[in-house]
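Take a look at the structure below.
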Amino acid sequence: MLQPRQCEPGRATRGAAFRFACALLLLGLGSALANWEFALIIEKAESRYGSLGAAKQRVQAWDELIQASSGLAENQQLAEVNRFFNRQLRFTDDIRLWRANDYWATPIEALVKGAGDCEDYSIAKYFTLRRLGIPSEKLRITYVKALRQNQAHMVLTYYSSPAAEPLVLDNLIGEIRPASQRKDLLPVYAFNAEGLYLPGSNSKKSDSKKLSRWQDLLQKMRAEGFAIGEG
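In numbering that gives the first Met the number 0, the protein residues as written are 0 to 230.
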């Protein structure tokens with residue numbers, strides 16, 4: 000069974016999660032995710048990593064997922080994207096995977112490794128759904144406490160409308176469920192390109208603080224061949 004990120008939800012974790020929240024505010028509502036040229040993306044990945052082996056098939060499968068899902072309804076896109084990354088990636092914490100306490104992997108890095116932590120799942124799902132045309136205001140990276148494991152955790156949540164009950168896309172379980180059915184998760188706050196949200200509130204608390212780690216992630220993705228705007 001996949002395990003959540005191995006860290007206690009203490010002050011340091013809350014601080015890191017807040018910085019992560021602030022970082023996503025830099026990705027504005029108008030951000031454009033242009034068509035991705037996967038031939039170029041694979042070429043750049045091979046230049047960096049050498050022969051990709053099975054990883055090339057994972058990247059190609061990601062391309063096929065986007066192509067096949069582009070005309071689907073949003074709820075179907077959610078299901079396909081959630082299923083894809085939950086199957087393609089195995090949970091591995093940053094220390095074992097990257098020899099770092101907190102490393103934000105691009106979707107390509109995660110697919111090349113075939114692994115990632117809860118933030119990497121959420122990042123990959125977020126960018127894929129944005130690429131499929133789902134607006135950022137419907138998607139929120141949500142910082143929660145996984146009660147059964149007593150650990151900090153990240154999930155992606157989807158709101159069909161501002162007042163709607165969110166759906167939870169999680170790497171812990173395969174099924175997308177409404178938040179009311181995830182009693183094992185205690186929300187702390189959520190964030191997206193529009194702002195920072197407290198549990199049960201649609202009032203945004205924006206923060207313009209810049210975060211170099213998020214900028215580094217965007218830079219890495221551009222170097223990998225992705226056309227990504229910052230808004």
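For each residue, glycine too, the CB sits at the ideal point set by N, CA and C.
- Nearest Cα to Asn-85 within the set Asn-34, Gln-180, Ala-72, Asp-116: Asp-116.
- Rounded to whole angstroms, the gap between the alpha carbons of Trp-35 and Asp-62 is 9 Å.
- DSSP places Leu-39 in the helix class (H, G or I) of the three-state scheme.
- Inside the region 114 to 152, DSSP marks whole beta strand (DSSP E) runs of 3 or more residues at positions 138 to 145, from first to last along the chain.
- Boundaries of the beta strand (DSSP E) harbouring Leu-166: 166 to 168, taken from the DSSP string.
- Between the alpha carbons of Arg-176 and Lys-124 lies a distance of about 16 Å.
- By the criterion of at least three beta-carbon pairs nearer than 8 Å, the region 140 to 155 is in contact with the region 180 to 192.
- The alpha-carbon of Ser-121 is positioned some 12 Å away from that of Ala-189.
- By the Cβ neighbour-count rule, Asp-215 is exposed, with fewer than 16 other Cβ atoms within 10 Å of its own.
- For the set Ile-41, Lys-137, Trp-103, the Cα lying nearest the Cα of Leu-77 is the one of Lys-137.
- Listed in chain order, the non-local C-beta contacts of Asp-119 below 6 Å within the same chain comprise Ala-104, Ala-109, local neighbours out to five positions each way being set aside.
- Going by DSSP, Leu-64 is part of the alpha helix (DSSP H) stretching over 53 to 68.
- When the five nearest sequence neighbours on each side are left out, the beta carbons in the same chain lying within less than 7 Å of the beta carbon of Ala-54 are those of Leu-110, Val-111, Gly-113, in order along the chain.
- As the crow flies, the alpha-carbon of Asn-74 is around 32 Å from that of Gly-52.
- In the DSSP assignment, Ala-78 falls within the unbroken alpha helix (DSSP H) covering 73 to 87.
- With 16 or more other CB atoms across the displayed protein chains lying within 10 angstroms of its CB, Ser-68 is buried.
- Assignment of Ala-109 by DSSP, reduced to helix, strand and coil, places it in the helix class.
- Ranked by Cα distance from Glu-42, the options Leu-96, Asp-101, Ile-107, Tyr-102 are led by Ile-107.
- The region 128 to 142 makes contact with the region 156 to 174, as at least three CB pairs between them are under 8 Å.
- Under the DSSP definition of a beta bridge, Tyr-157 partners with Leu-138, Leu-166.
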